[in-house]
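Trainee:
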Amino acid sequence: MTTRLVVLVSGTGSLLQALLDAALAAEYGARVVAVGADRDDIQGLDRARAAGVDSFVCRVGDYPDRDAWDKALTAAVASYEPDLVISAGFLKLVGQEFLTQFEGKFINTHPALSPAFPGMHSVRDALDYGVKVTGATVFFVDKGVDTGAVIDQRAVSVQSGDTEASLHERIKETERAMLVDVVHRLARRGWTIDGRKVTIG
Ligand code: GRF
1 MTTRLVVLVS GTGSLLQALL DAALAAEYGA RVVAVGADRD DIQGLDRARA AGVDSFVCRV
61 GDYPDRDAWD KALTAAVASY EPDLVISAGF LKLVGQEFLT QFEGKFINTH PALSPAFPGM
121 HSVRDALDYG VKVTGATVFF VDKGVDTGAV IDQRAVSVQS GDTEASLHER IKETERAMLV
181 DVVHRLARRG WTIDGRKVTI G
């Protein structure tokens, strides 16, 4: 059985592209069945179209409040019957309905080694702190900000002269490889979550 992925994006979508490319191989075990976005005119949506994958846009501003948006997003994603939902550079926090519906199958990737540097500016925060090693974390999303149970982590060294952009670009290379590998392993071997402990296979 092929694991059905719905991927949520807000920008460039290079993580999405890595999944689309990996899924071209039948033995990968997973395929992207839809791409969802919270805004129009982003490269992530272009990538979905180019790959012939369904896409949809769910804008917060089109709904009376955040709960209504969350309900609509939940319904749009659920209509594709995903086995895994992947937040890949999706710049919105989802609400309770989404978290409940996709509990234990909603994963996110974060450009830092959790629990260090949660939030939107993790690369800058790590650089400002002066750490010599940072990295990327893939985790099951819970109601906190970047606090969910960790699935995998990879380290990236900070180099002297790094800027936020150069460091983020190197982290993203690692992030792409890790996400592709994690999704492959989850798809092939299944997973269990016991409190904060995630076991694959
Ligand atoms: C990644 O570093 C992700 O962790 C962060 O935003 C970046 C998304 O990159 N939240 P892209 O849009 O997939 O290129």
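Each step along the sequence shown adds one to the number in the numbering used here, with nothing skipped, and position 153 is 153.
Yeah, the Cβ is synthetic: ideal placement off N, Cα and C, and Gly gets one too.
(1) Where does the unbroken beta strand (DSSP E) through valine 35 begin, and where does it stop?
(2) If you check the beta carbons only, do leucine 5 and arginine 31 fall under 8 Å apart?
(3) Per the contact definition of three or more C-beta pairs closer than 8 Å, is the region 155-162 in contact with the region 114-122?
(4) Going straight from the alpha carbon of leucine 20 to that of valine 198, what length do you get?
(5) Ends of the alpha helix (DSSP H) at serine 166?
(6) If the criterion is Cβ atoms closer than 8 Å, does the pair threonine 109 and alanine 136 meet it?
(7) Does glycine 89 come out as helix, strand or coil in the three-state DSSP assignment?
(8) Identify which residue in Tyr80, His168 and Val9 has its Cα closest to the Cα of threonine 3.
(9) If phenylalanine 140 sits next to leucine 8, beta carbons under 8 Å apart, how far is it from one beta carbon to the other, in whole angstroms?
(10) Spell out the partners DSSP gives valine 57 in its beta bridges.
(11) Using a Cβ-Cβ cutoff of less than 8 Å, which residues in the same chain neighbour arginine 49 once the five nearest sequence positions on both sides are dropped?
(12) Comparing C-alpha positions only, which one of Ala112, Lys172, Gly201 and Ala72 sits nearest to glutamate 97?
(13) Cα separation between arginine 39 and lysine 132?
(14) Output yes or no for whether 8 Å exceeds the beta carbon distance between proline 118 and aspartate 142.
(15) For alanine 126, tell me which candidate among Ala149, Ile107 and Glu164 has the shortest Cα-Cα distance.
Mentor: This is what the structure gives:
(1) Looking at the DSSP string, the run of the beta strand (DSSP E) that includes valine 35 is 30-37.
(2) In contact: leucine 5 and arginine 31 (Cβ atoms closer than 8 Å).
(3) no
(4) Rounded to whole angstroms, the gap between the alpha carbons of leucine 20 and valine 198 is 25 Å.
(5) 164-189
(6) Contact: yes.
(7) coil
(8) Tyr80
(9) Contact doesn't hold; Cβ gap of about 15 Å is too wide.
(10) Ala37
(11) The answer, listed in chain order, is Ser55.
(12) Ala72
(13) 35 Å
(14) no
(15) Glu164
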